[in-house]
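S.K.: Residue numbers for the sequence shown follow our numbering, so the first one is 1 and each next one is one higher.
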Amino acid sequence: KVTRIGSNRVRTNDPERTVRIYDLSDLFAVAPGYPARYPRGLGTTSGLVFGGDGGAGSGEMTGATGFGGAGGFGGGGGGFFQIQGDGRPEAVPQGIRGNVLRQFGQSGSVGAMDHPARISVESLVTAITEVISPDSWKENGGFSTMTTLGTALLVSADEATHSQIESLLGLFRQKWGTLRTVSVNAWWLWLTEAELAGLLGQDDPEAEPAKVDGKPVFGLVQDMAAWQQKIQGKVAEGAAATEQGYRAAVTCYNGQTVHTLSGDQRSVVTQVQPLITRDETGQPVGSVAYLPTLTVIQEGAALEVTPLVTISGKIVILDLHSRVSRLQEEPAAAAPAAEEEAPGKDSPVLSPQLVLQALNRQPLAVQRLSTTLRAPADRVMLAGGMTFNRQEQAGGRSLYLFVKADVQELRSDDDQPEAREGMEGGALPRPQLEDAVEEAAPAEDEAKP
1 KVTRIGSNRV
11 RTNDPERTVR
21 IYDLSDLFAV
31 APGYPARYPR
41 GLGTTSGLVF
51 GGDGGAGSGE
61 MTGATGFGGA
71 GGFGGGGGGF
81 FQIQGDGRPE
91 AVPQGIRGNV
101 LRQFGQSGSV
111 GAMDHPARIS
121 VESLVTAITE
131 VISPDSWKEN
141 GGFSTMTTLG
151 TALLVSADEA
161 THSQIESLLG
171 LFRQKWGTLR
181 TVSVNAWWLW
191 LTEAELAGLL
201 GQDDPEAEPA
211 KVDGKPVFGL
221 VQDMAAWQQK
231 IQGKVAEGAA
241 ATEQGYRAAV
251 TCYNGQTVHT
261 LSGDQRSVVT
271 QVQPLITRDE
281 TGQPVGSVAY
291 LPTLTVIQEG
301 AALEVTPLVT
311 ISGKIVILDL
321 HSRVSRLQEE
331 PAAAAPAAEE
341 EAPGKDSPVL
351 SPQLVLQALN
361 RQPLAVQRLS
371 TTLRAPADRV
381 MLAGGMTFNR
391 QEQAGGRSLY
401 LFVKADVQEL
411 RSDDDQPEAR
421 EGMEGGALPR
431 PQLEDAVEEA
441 APAEDEAKP
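1. Pick out whichever of F218, W190, S133, T277 has its Cα sitting closest to the Cα of R247.
2. Could you pull the start and end residues of the beta strand (DSSP E) that I482 belongs to?
3. Drop a sphere of 10 angstroms on the beta-carbon of Q367, count the other beta-carbons inside from all chains shown, and report buried for 16 or more, exposed for fewer.
4. Quick check: does the Cβ of L364 come within less than 8 Å of any heavy atom belonging to the ligand HEM?
5. Can you have a look at F218 and say buried or exposed, based on whether 16 or more other CB atoms are within 10 angstroms of its CB?
6. For the putative contact between A36 and L48, defined by C-beta atoms under 8 Å, what is the C-beta separation to the nearest angstrom?
7. Tell me the start and end of each unbroken alpha helix (DSSP H) in the region 120-199 that is at least 4 residues and wholly inside, in chain order.
8. Note down, in chain order, each residue of its chain lying with its Cβ closer than 8 Å to the Cβ of H162, except the 5 sequence neighbours on either side.
9. Decide yes or no for the touch test of the region 252-265 against the region 197-213: beta carbon pairs closer than 8 Å, at least 3 of them.
10. Measure from the alpha carbon of P451 to the alpha carbon of each residue in G33, P376, F50, L24, then state which is nearest.
11. Looking at the secondary structure, which residues open and close the beta strand (DSSP E) in which Q273 lies?
12. Tell me the residue span of the beta strand (DSSP E) that contains Q222.
13. Using 8 Å as the cut-off, can you tell me whether the region 298-311 makes contact with the region 257-273, which would need three or more C-beta pairs spanning the two stretches below that distance?
14. By how many angstroms is the C-alpha of V380 removed from the C-alpha of Q228?
15. If I follow the unbroken beta strand (DSSP E) through V380, where does it start and stop?
16. So, is G385 buried or exposed, given that buried needs 16 or more other C-beta atoms within 10 angstroms?
17. Would you report the Cα separation of L153 and A127, rounded to the nearest angstrom?
18. Drop a sphere of 10 angstroms on the beta-carbon of A284, count the other beta-carbons inside from all chains shown, and report buried for 16 or more, exposed for fewer.
19. Which residue wins for smallest C-alpha separation from R397, given the options T192, I165, P205, E159?
20. Going by beta carbon distance, what residues of the same chain come within less than 7 Å of Y34, once the five residues before and after it are set aside?
21. Please tell me whether P307 and A405 are closer than 9 Å, where the distance is taken between their beta carbons.
22. Could you tell me the distance, in whole angstroms, from the CA atom of Q271 to the CA atom of M224?
23. Under the rule that 16 or more other beta-carbon atoms within 10 Å means buried, what is L323, buried or exposed?
24. Would DSSP call A301 helix, strand or coil?
25. Pull up the DSSP beta-bridge partners for F402, would you.
26. Can you check DSSP and say which residues form a bridge with P292?
27. How many Å lie between Q273 and S287 at the Cα?
28. Look at the Cβ atom of P363, then the Cβ atom of L327, and state whether they are nearer than 9 Å.
29. In chain order, what residues of the same chain have a beta carbon less than 6 Å from the beta carbon of L275, not counting five sequence neighbours either side?
30. So, at 6 Å on beta carbons, what are the nonlocal neighbours of A207 in its own chain, with the 5 sequence-adjacent residues on each side left out?
31. Who are the Cβ neighbours of V131 in its own chain at under 6 Å, not counting the five residues just before and after it?
32. Over what stretch of residues does the beta strand (DSSP E) that includes Q463 continue unbroken?
33. Could you compute how far the alpha carbon of I311 sits from the alpha carbon of L179?
34. Whose CA, out of I315, P209, T387, lies closest to the CA of Q472?
35. Leaving out five residues on either side along the sequence, give the residues of the same chain with a beta carbon under 8 Å from the beta carbon of G313.
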(Lines of atoms letter the chains of each structure in order from A and count residues from 1; the text may use other names and numbers.)
(Lines give C-alpha, C1' and ligand atoms only; values in the text may rest on other atoms or scores of the structure.)
Protein backbone atom coordinates (compact mmCIF):
# COMPACT_ATOMS: atom_id res chain seq x y z
CA LYS A 1 0.00 0.00 0.00
CA VAL A 2 1.37 3.41 -1.01
CA THR A 3 0.30 6.60 0.77
CA ARG A 4 0.80 9.79 -1.25
CA ILE A 5 1.49 13.01 0.66
CA GLY A 6 0.88 16.33 -1.04
CA SER A 7 -0.70 17.20 -4.35
CA ASN A 8 -0.17 15.25 -7.55
CA ARG A 9 1.05 17.74 -10.12
CA VAL A 10 0.53 16.85 -13.74
CA ARG A 11 3.03 18.80 -15.81
CA THR A 12 1.17 18.11 -19.02
CA ASN A 13 -1.57 20.43 -17.79
CA ASP A 14 0.79 23.30 -17.03
CA PRO A 15 -0.07 26.53 -18.85
CA GLU A 16 2.16 27.48 -21.73
CA ARG A 17 4.97 29.71 -20.51
CA THR A 18 6.93 32.38 -22.36
CA VAL A 19 10.32 33.86 -21.49
CA ARG A 20 10.57 37.64 -21.68
CA ILE A 21 13.20 40.20 -20.78
CA TYR A 22 12.04 43.43 -19.14
CA ASP A 23 14.51 46.30 -19.41
CA LEU A 24 14.46 48.42 -16.25
CA SER A 25 17.44 50.62 -17.08
CA ASP A 26 15.13 53.65 -17.20
CA LEU A 27 14.19 53.07 -13.55
CA PHE A 28 17.33 51.64 -11.95
CA ALA A 29 21.00 52.47 -12.30
CA VAL A 30 23.81 50.64 -10.54
CA ALA A 31 26.11 53.28 -9.08
CA PRO A 32 28.63 52.91 -6.24
CA GLY A 33 28.66 55.28 -3.32
CA TYR A 34 31.56 57.66 -2.75
CA PRO A 35 31.52 58.71 0.93
CA ALA A 36 34.06 61.34 1.96
CA ARG A 37 37.26 59.63 3.04
CA TYR A 38 40.70 60.89 3.95
CA PRO A 39 43.37 59.56 1.57
CA ARG A 40 45.67 56.79 2.66
CA GLY A 41 49.25 57.95 2.33
CA LEU A 42 52.60 56.58 3.35
CA GLY A 43 52.29 55.32 6.90
CA THR A 44 48.84 56.88 7.44
CA THR A 45 45.47 55.33 8.23
CA SER A 46 42.42 56.02 6.07
CA GLY A 47 39.14 57.01 7.69
CA LEU A 48 35.72 58.40 6.83
CA VAL A 49 35.34 62.15 7.22
CA PHE A 50 31.74 61.80 8.41
CA GLY A 51 31.95 58.34 9.94
CA GLY A 52 30.36 59.38 13.23
CA ASP A 53 27.62 61.69 12.01
CA GLY A 54 24.86 59.14 11.42
CA GLY A 55 22.81 59.40 8.27
CA ALA A 56 23.08 57.25 5.20
CA GLY A 57 25.16 54.20 5.84
CA SER A 58 26.82 55.24 9.10
CA GLY A 59 24.99 52.62 11.10
CA GLU A 60 24.18 55.03 13.92
CA MET A 61 20.58 55.92 13.08
CA THR A 62 18.19 52.99 13.18
CA GLY A 63 14.99 54.74 12.16
CA ALA A 64 13.97 56.42 8.95
CA THR A 65 13.12 60.10 9.17
CA GLY A 66 10.52 59.92 6.42
CA PHE A 67 10.21 62.98 4.25
CA GLY A 68 10.71 65.42 7.09
CA GLY A 69 13.98 66.88 8.30
CA ALA A 70 16.13 65.81 11.19
CA GLY A 71 19.74 66.38 12.06
CA GLY A 72 22.20 68.48 13.97
CA PHE A 73 25.42 70.38 13.75
CA GLY A 74 28.27 71.21 16.06
CA GLY A 75 31.43 73.22 16.25
CA GLY A 76 34.53 73.15 18.32
CA GLY A 77 38.20 72.52 18.43
CA GLY A 78 39.89 69.41 19.28
CA GLY A 79 42.50 66.93 19.97
CA PHE A 80 42.77 63.72 18.02
CA PHE A 81 43.18 61.30 20.91
CA GLN A 82 40.93 59.17 23.05
CA ILE A 83 42.68 57.86 26.14
CA GLN A 84 41.92 54.31 27.21
CA GLY A 85 41.59 53.24 30.81
CA ASP A 86 45.24 52.24 30.93
CA GLY A 87 46.32 55.65 29.69
CA ARG A 88 47.34 54.52 26.20
CA PRO A 89 46.31 56.87 23.38
CA GLU A 90 44.00 55.43 20.74
CA ALA A 91 42.75 56.90 17.48
CA VAL A 92 38.99 57.46 17.33
CA PRO A 93 37.46 54.55 15.35
CA GLN A 94 35.47 55.42 12.27
CA GLY A 95 32.15 53.92 11.22
CA ILE A 96 31.43 51.94 8.08
CA ARG A 97 29.11 53.08 5.33
CA GLY A 98 27.40 51.15 2.60
CA ASN A 99 29.11 51.50 -0.75
CA VAL A 100 26.47 50.39 -3.26
CA LEU A 101 23.46 52.49 -4.14
CA ARG A 102 20.89 52.24 -6.89
CA GLN A 103 18.32 54.51 -8.43
CA PHE A 104 15.64 54.41 -5.74
CA GLY A 105 17.90 51.71 -4.29
CA GLN A 106 19.05 50.75 -0.84
CA SER A 107 22.54 51.23 0.54
CA GLY A 108 22.77 48.03 2.52
CA SER A 109 22.79 49.86 5.85
CA VAL A 110 20.53 51.79 8.13
CA GLY A 111 20.21 55.52 8.35
CA ALA A 112 18.16 58.58 7.63
CA MET A 113 18.15 58.00 3.88
CA ASP A 114 17.24 54.28 4.07
CA HIS A 115 13.59 55.09 3.54
CA PRO A 116 11.03 52.65 2.11
CA ALA A 117 10.76 54.95 -0.94
CA ARG A 118 14.17 53.72 -2.04
CA ILE A 119 13.43 50.53 -3.93
CA SER A 120 15.96 48.02 -5.23
CA VAL A 121 15.52 45.60 -8.12
CA GLU A 122 15.45 42.73 -5.62
CA SER A 123 12.61 44.28 -3.63
CA LEU A 124 10.71 44.84 -6.89
CA VAL A 125 11.01 41.11 -7.65
CA THR A 126 9.67 40.33 -4.18
CA ALA A 127 6.72 42.67 -4.70
CA ILE A 128 5.86 41.08 -8.06
CA THR A 129 5.93 37.53 -6.71
CA GLU A 130 3.75 38.49 -3.74
CA VAL A 131 1.17 40.54 -5.65
CA ILE A 132 0.90 39.03 -9.13
CA SER A 133 -0.27 35.37 -9.30
CA PRO A 134 1.52 34.43 -6.04
CA ASP A 135 0.67 30.71 -6.36
CA SER A 136 2.19 30.45 -9.84
CA TRP A 137 5.80 31.11 -8.82
CA LYS A 138 8.26 28.30 -8.25
CA GLU A 139 9.05 29.24 -4.65
CA ASN A 140 5.32 28.95 -3.87
CA GLY A 141 4.84 25.60 -5.59
CA GLY A 142 4.16 26.85 -9.12
CA PHE A 143 6.25 26.76 -12.28
CA SER A 144 6.86 30.44 -13.12
CA THR A 145 10.35 31.79 -12.47
CA MET A 146 11.93 35.24 -12.34
CA THR A 147 15.50 36.41 -11.87
CA THR A 148 17.54 39.58 -12.33
CA LEU A 149 20.44 40.27 -14.67
CA GLY A 150 21.85 43.72 -13.99
CA THR A 151 18.91 46.08 -14.44
CA ALA A 152 16.83 43.57 -16.41
CA LEU A 153 14.19 41.06 -15.33
CA LEU A 154 14.10 37.60 -16.91
CA VAL A 155 10.61 36.14 -16.45
CA SER A 156 9.26 32.75 -17.50
CA ALA A 157 5.48 32.79 -17.01
CA ASP A 158 2.15 32.50 -18.78
CA GLU A 159 0.62 35.30 -20.83
CA ALA A 160 -1.75 36.41 -18.07
CA THR A 161 1.15 36.90 -15.65
CA HIS A 162 3.21 38.76 -18.26
CA SER A 163 0.29 41.08 -18.93
CA GLN A 164 0.01 41.96 -15.23
CA ILE A 165 3.77 42.52 -14.93
CA GLU A 166 3.71 44.90 -17.90
CA SER A 167 0.81 46.82 -16.40
CA LEU A 168 2.55 47.06 -13.01
CA LEU A 169 5.81 48.29 -14.55
CA GLY A 170 3.84 50.83 -16.56
CA LEU A 171 2.33 52.17 -13.35
CA PHE A 172 5.78 52.37 -11.77
CA ARG A 173 7.07 54.39 -14.72
CA GLN A 174 4.15 56.79 -14.38
CA LYS A 175 4.66 57.18 -10.63
CA TRP A 176 8.46 57.09 -10.37
CA GLY A 177 9.29 59.06 -13.48
CA THR A 178 12.48 58.43 -15.38
CA LEU A 179 16.09 57.91 -14.44
CA ARG A 180 17.35 61.14 -12.90
CA THR A 181 20.53 62.89 -11.95
CA VAL A 182 20.75 65.63 -9.35
CA SER A 183 23.17 68.57 -9.32
CA VAL A 184 23.78 70.00 -5.86
CA ASN A 185 25.40 73.40 -5.33
CA ALA A 186 26.57 74.47 -1.89
CA TRP A 187 27.81 77.78 -0.53
CA TRP A 188 29.40 78.45 2.88
CA LEU A 189 29.01 82.16 3.62
CA TRP A 190 30.01 84.36 6.55
CA LEU A 191 26.96 86.50 7.35
CA THR A 192 25.73 88.72 10.12
CA GLU A 193 22.24 88.23 11.51
CA ALA A 194 21.06 91.28 9.57
CA GLU A 195 22.51 89.99 6.29
CA LEU A 196 20.90 86.59 6.81
CA ALA A 197 17.52 88.14 7.56
CA GLY A 198 17.78 90.26 4.41
CA LEU A 199 18.44 87.23 2.21
CA LEU A 200 15.54 85.28 3.71
CA GLY A 201 13.17 88.25 3.52
CA GLN A 202 12.82 88.42 7.30
CA ASP A 203 14.05 91.98 7.69
CA ASP A 204 10.57 93.31 6.87
CA PRO A 205 7.96 92.07 9.39
CA GLU A 206 5.14 92.84 6.94
CA ALA A 207 6.68 90.95 4.00
CA GLU A 208 4.98 87.81 2.73
CA PRO A 209 6.81 84.59 3.65
CA ALA A 210 8.33 82.47 0.90
CA LYS A 211 5.87 79.91 -0.46
CA VAL A 212 6.09 76.69 -2.47
CA ASP A 213 2.83 75.42 -3.97
CA GLY A 214 0.99 77.98 -1.88
CA LYS A 215 2.51 76.85 1.44
CA PRO A 216 4.99 78.95 3.46
CA VAL A 217 8.52 77.53 3.60
CA PHE A 218 11.27 78.65 5.97
CA GLY A 219 14.82 79.13 4.78
CA LEU A 220 14.30 80.00 1.10
CA VAL A 221 16.38 82.87 -0.27
CA GLN A 222 13.99 85.55 -1.56
CA ASP A 223 16.25 88.47 -2.44
CA MET A 224 18.10 86.90 -5.39
CA ALA A 225 19.79 90.18 -6.34
CA ALA A 226 21.37 90.42 -2.89
CA TRP A 227 22.20 86.72 -3.07
CA GLN A 228 24.17 87.15 -6.30
CA GLN A 229 26.14 89.97 -4.73
CA LYS A 230 26.91 87.84 -1.68
CA ILE A 231 28.14 84.78 -3.55
CA GLN A 232 30.19 86.87 -5.97
CA GLY A 233 31.82 88.74 -3.11
CA LYS A 234 31.92 86.58 0.00
CA VAL A 235 32.80 83.30 -1.67
CA ALA A 236 35.68 84.79 -3.61
CA GLU A 237 37.10 87.20 -1.05
CA GLY A 238 40.14 86.11 0.87
CA ALA A 239 41.34 89.24 2.62
CA ALA A 240 40.94 87.61 6.02
CA ALA A 241 40.97 83.92 6.82
CA THR A 242 37.92 84.28 9.04
CA GLU A 243 35.90 85.88 6.23
CA GLN A 244 36.75 83.42 3.48
CA GLY A 245 33.89 81.36 2.11
CA TYR A 246 33.70 78.11 0.21
CA ARG A 247 31.69 76.81 -2.71
CA ALA A 248 31.03 73.29 -4.00
CA ALA A 249 29.10 71.66 -6.85
CA VAL A 250 28.59 67.96 -7.53
CA THR A 251 26.33 65.92 -9.85
CA CYS A 252 25.25 62.34 -9.13
CA TYR A 253 22.51 59.80 -9.69
CA ASN A 254 19.32 60.07 -7.71
CA GLY A 255 20.00 58.17 -4.47
CA GLN A 256 23.79 58.05 -4.83
CA THR A 257 26.16 59.16 -2.05
CA VAL A 258 28.93 61.45 -3.32
CA HIS A 259 31.32 63.98 -1.81
CA THR A 260 33.70 66.78 -2.62
CA LEU A 261 36.64 67.78 -0.43
CA SER A 262 39.35 70.41 -0.78
CA GLY A 263 41.95 72.19 1.31
CA ASP A 264 45.38 71.70 2.84
CA GLN A 265 46.15 68.35 4.44
CA ARG A 266 48.86 67.22 6.80
CA SER A 267 49.72 64.14 8.80
CA VAL A 268 49.55 64.03 12.59
CA VAL A 269 50.39 61.32 15.09
CA THR A 270 47.25 59.85 16.64
CA GLN A 271 48.64 56.74 18.30
CA VAL A 272 51.97 55.57 19.68
CA GLN A 273 52.75 51.90 20.22
CA PRO A 274 55.75 50.99 22.38
CA LEU A 275 58.10 48.33 21.02
CA ILE A 276 60.11 46.51 23.66
CA THR A 277 62.93 44.06 23.00
CA ARG A 278 63.18 41.17 25.45
CA ASP A 279 65.87 38.60 26.12
CA GLU A 280 65.44 34.83 26.36
CA THR A 281 64.22 35.16 29.94
CA GLY A 282 61.50 37.66 28.97
CA GLN A 283 63.20 40.65 30.56
CA PRO A 284 63.25 43.96 28.62
CA VAL A 285 66.60 44.88 27.16
CA GLY A 286 67.79 48.00 25.41
CA SER A 287 65.80 51.17 24.80
CA VAL A 288 62.05 51.30 24.25
CA ALA A 289 61.12 52.26 20.70
CA TYR A 290 57.82 53.91 19.80
CA LEU A 291 55.92 53.20 16.57
CA PRO A 292 53.70 56.18 15.59
CA THR A 293 50.42 55.93 13.68
CA LEU A 294 49.80 58.85 11.32
CA THR A 295 46.39 60.23 10.35
CA VAL A 296 45.60 62.91 7.78
CA ILE A 297 43.85 66.07 8.95
CA GLN A 298 42.43 68.68 6.61
CA GLU A 299 42.11 72.44 6.67
CA GLY A 300 39.29 73.42 4.33
CA ALA A 301 35.77 72.28 3.50
CA ALA A 302 34.16 68.90 2.85
CA LEU A 303 30.64 68.11 1.67
CA GLU A 304 28.90 64.75 1.45
CA VAL A 305 25.37 64.52 0.05
CA THR A 306 22.79 61.86 -0.80
CA PRO A 307 19.85 63.29 -2.79
CA LEU A 308 16.48 61.57 -3.13
CA VAL A 309 13.98 63.05 -5.58
CA THR A 310 10.27 62.66 -4.90
CA ILE A 311 7.87 61.29 -7.51
CA SER A 312 6.89 64.70 -8.83
CA GLY A 313 10.51 65.82 -9.22
CA LYS A 314 9.69 69.13 -7.52
CA ILE A 315 11.12 68.23 -4.10
CA VAL A 316 14.56 66.82 -3.26
CA ILE A 317 15.32 65.23 0.11
CA LEU A 318 18.98 65.98 0.85
CA ASP A 319 21.05 64.04 3.36
CA LEU A 320 23.82 66.58 4.01
CA HIS A 321 27.10 66.37 5.89
CA SER A 322 29.33 69.44 6.02
CA ARG A 323 32.69 69.99 7.67
CA VAL A 324 34.72 73.20 7.71
CA SER A 325 38.01 73.12 9.59
CA ARG A 326 40.73 75.67 10.21
CA LEU A 327 44.11 75.11 11.82
CA GLN A 328 44.83 77.31 14.79
CA GLU A 329 48.15 78.90 15.63
CA GLU A 330 51.03 76.52 15.97
CA PRO A 331 51.55 75.50 19.61
CA ALA A 332 54.78 76.37 21.33
CA ALA A 333 57.52 73.90 20.58
CA ALA A 334 57.86 71.32 23.31
CA ALA A 335 61.12 71.05 25.18
CA PRO A 336 63.33 68.15 24.13
CA ALA A 337 62.40 64.98 25.90
CA ALA A 338 64.74 64.17 28.73
CA GLU A 339 66.32 60.78 29.01
CA GLU A 340 65.75 58.62 32.06
CA GLU A 341 68.03 55.89 33.26
CA ALA A 342 66.32 52.52 33.41
CA PRO A 343 66.95 50.71 36.70
CA GLY A 344 69.60 48.06 36.30
CA LYS A 345 70.22 48.89 32.64
CA ASP A 346 72.95 50.80 30.87
CA SER A 347 70.84 52.20 28.00
CA PRO A 348 68.59 55.24 28.53
CA VAL A 349 64.84 55.09 27.80
CA LEU A 350 62.15 57.70 27.19
CA SER A 351 59.07 57.74 29.41
CA PRO A 352 55.63 57.78 27.68
CA GLN A 353 54.87 61.19 29.19
CA LEU A 354 57.94 62.72 27.60
CA VAL A 355 57.15 61.07 24.27
CA LEU A 356 53.61 62.52 24.21
CA GLN A 357 54.93 65.98 25.06
CA ALA A 358 57.13 65.89 21.98
CA LEU A 359 54.26 64.99 19.62
CA ASN A 360 52.81 67.54 17.21
CA ARG A 361 49.24 67.98 18.45
CA GLN A 362 47.95 70.68 16.13
CA PRO A 363 44.75 72.40 17.38
CA LEU A 364 41.97 72.44 14.79
CA ALA A 365 38.82 74.59 14.85
CA VAL A 366 35.96 72.61 13.31
CA GLN A 367 32.35 73.26 12.37
CA ARG A 368 30.32 70.18 11.45
CA LEU A 369 26.75 70.12 10.19
CA SER A 370 24.60 67.06 9.49
CA THR A 371 20.94 67.21 8.52
CA THR A 372 18.26 65.73 6.29
CA LEU A 373 16.05 68.40 4.75
CA ARG A 374 13.29 68.73 2.19
CA ALA A 375 14.26 71.34 -0.41
CA PRO A 376 12.31 72.62 -3.43
CA ALA A 377 14.15 71.92 -6.68
CA ASP A 378 15.98 74.85 -8.30
CA ARG A 379 15.68 77.06 -5.18
CA VAL A 380 18.46 78.27 -2.89
CA MET A 381 17.76 77.19 0.68
CA LEU A 382 19.44 77.62 4.06
CA ALA A 383 20.65 74.29 5.44
CA GLY A 384 22.05 75.56 8.75
CA GLY A 385 24.79 77.52 10.42
CA MET A 386 26.63 78.19 13.65
CA THR A 387 29.15 80.52 15.20
CA PHE A 388 32.69 79.43 14.50
CA ASN A 389 34.55 80.99 17.42
CA ARG A 390 33.91 80.23 21.07
CA GLN A 391 33.60 83.92 21.88
CA GLU A 392 31.63 85.56 19.10
CA GLN A 393 31.64 89.33 19.25
CA ALA A 394 28.39 91.26 19.03
CA GLY A 395 27.50 91.87 15.40
CA GLY A 396 30.05 89.31 14.24
CA ARG A 397 29.57 86.91 11.39
CA SER A 398 28.60 83.25 11.58
CA LEU A 399 29.18 80.55 9.00
CA TYR A 400 26.03 79.41 7.14
CA LEU A 401 25.52 76.67 4.57
CA PHE A 402 23.14 77.21 1.63
CA VAL A 403 22.23 74.52 -0.91
CA LYS A 404 20.46 74.30 -4.25
CA ALA A 405 19.41 71.09 -6.04
CA ASP A 406 18.57 70.79 -9.74
CA VAL A 407 16.94 67.65 -11.18
CA GLN A 408 17.61 66.36 -14.70
CA GLU A 409 15.70 63.64 -16.56
CA LEU A 410 17.95 61.29 -18.54
CA ARG A 411 15.40 60.19 -21.14
CA SER A 412 12.26 61.53 -22.77
CA ASP A 413 8.79 60.33 -21.80
CA ASP A 414 8.35 58.84 -25.30
CA ASP A 415 11.30 56.48 -24.84
CA GLN A 416 9.47 53.54 -23.29
CA PRO A 417 11.42 50.27 -23.17
CA GLU A 418 9.40 47.27 -24.20
CA ALA A 419 9.55 43.65 -23.06
CA ARG A 420 11.04 41.20 -25.48
CA GLU A 421 9.76 37.70 -26.05
CA GLY A 422 12.42 34.99 -26.03
CA MET A 423 12.19 32.05 -28.44
CA GLU A 424 14.47 29.34 -29.69
CA GLY A 425 16.67 30.79 -32.37
CA GLY A 426 16.47 34.38 -31.18
CA ALA A 427 14.33 37.12 -29.63
CA LEU A 428 11.76 39.15 -31.47
CA PRO A 429 10.09 42.42 -30.44
CA ARG A 430 6.45 42.07 -29.51
CA PRO A 431 4.02 43.45 -32.12
CA GLN A 432 2.40 46.74 -31.18
CA LEU A 433 -1.18 45.81 -32.06
CA GLU A 434 -2.77 48.36 -29.76
CA ASP A 435 -0.77 51.21 -31.31
CA ALA A 436 -1.81 50.05 -34.80
CA VAL A 437 -5.48 50.01 -33.84
CA GLU A 438 -5.25 53.48 -32.32
CA GLU A 439 -3.58 54.86 -35.44
CA ALA A 440 -6.18 53.27 -37.77
CA ALA A 441 -9.16 54.51 -35.77
CA PRO A 442 -9.03 58.17 -36.95
CA ALA A 443 -8.90 57.05 -40.62
CA GLU A 444 -12.00 54.91 -40.11
CA ASP A 445 -13.85 57.84 -38.57
CA GLU A 446 -12.91 60.11 -41.47
CA ALA A 447 -14.37 57.61 -43.99
CA LYS A 448 -17.80 57.84 -42.41
CA PRO A 449 -20.27 60.26 -44.06
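From the three backbone atoms N, C-alpha and C, an ideal C-beta is built for every residue, glycine too.
M.R.: The short version:
1. If you compare the alpha carbons of F218, W190, S133, T277 with that of R247, the shortest gap goes to W190.
2. Limits of the chain in this structure are 1 at one end and 449 at the other, which puts residue 482 out of reach.
3. Q367 should be labelled buried.
4. The model depicted lacks the ligand HEM and carries no ligand whatsoever.
5. exposed
6. Confirmed, Cβ separation roughly 7 Å.
7. The qualifying runs are 121-131, 159-176, 193-199.
8. T18, R20, V155, A419
9. no
10. Residue 451 is absent from the structure shown; the chain starts at 1 and stops at 449.
11. 258-278
12. Looking at the DSSP string, Q222 is not in any beta strand (DSSP E), and its letter there is neither H nor E.
13. yes
14. Their backbone Cα atoms lie some 11 Å apart in a straight line.
15. Where V380 is concerned, there is no enclosing beta strand (DSSP E), given that its DSSP letter is neither H nor E.
16. Of the residues assessed, G385 falls on the buried side of the cut-off, its CB having 16 or more other CB atoms within 10 angstroms.
17. 13 Å
18. Just to set this straight, residue 284 is Pro in the shown sequence, not Ala. P284 is exposed by the Cβ-count criterion.
19. The shortest Cα separation from R397 among T192, I165, P205, E159 belongs to T192.
20. T257, V258, H259
21. yes
22. 49 Å
23. Position check: residue 323 holds Arg in this sequence, whereas Leu was assumed. Its Cβ being crowded by 16 or more others within 10 Å, R323 is buried.
24. DSSP places A301 within a strand segment (E or B) once states are collapsed to three.
25. W187, L382
26. V272
27. 14 Å
28. Yes. Within cutoff.
29. A289, L291
30. G201
31. none
32. It is not possible to answer for residue 463, since the shown part of the chain is limited to 1 through 449.
33. If I take the Cα positions, the gap works out to 11 Å.
34. Outside the displayed range of the chain (1 to 449) lies residue 472, so it cannot be described from this structure.
35. Cβ neighbours of G313 within its own chain (closer than 8 Å, five residues either side excluded): G177, R180, A377, V407, E409.
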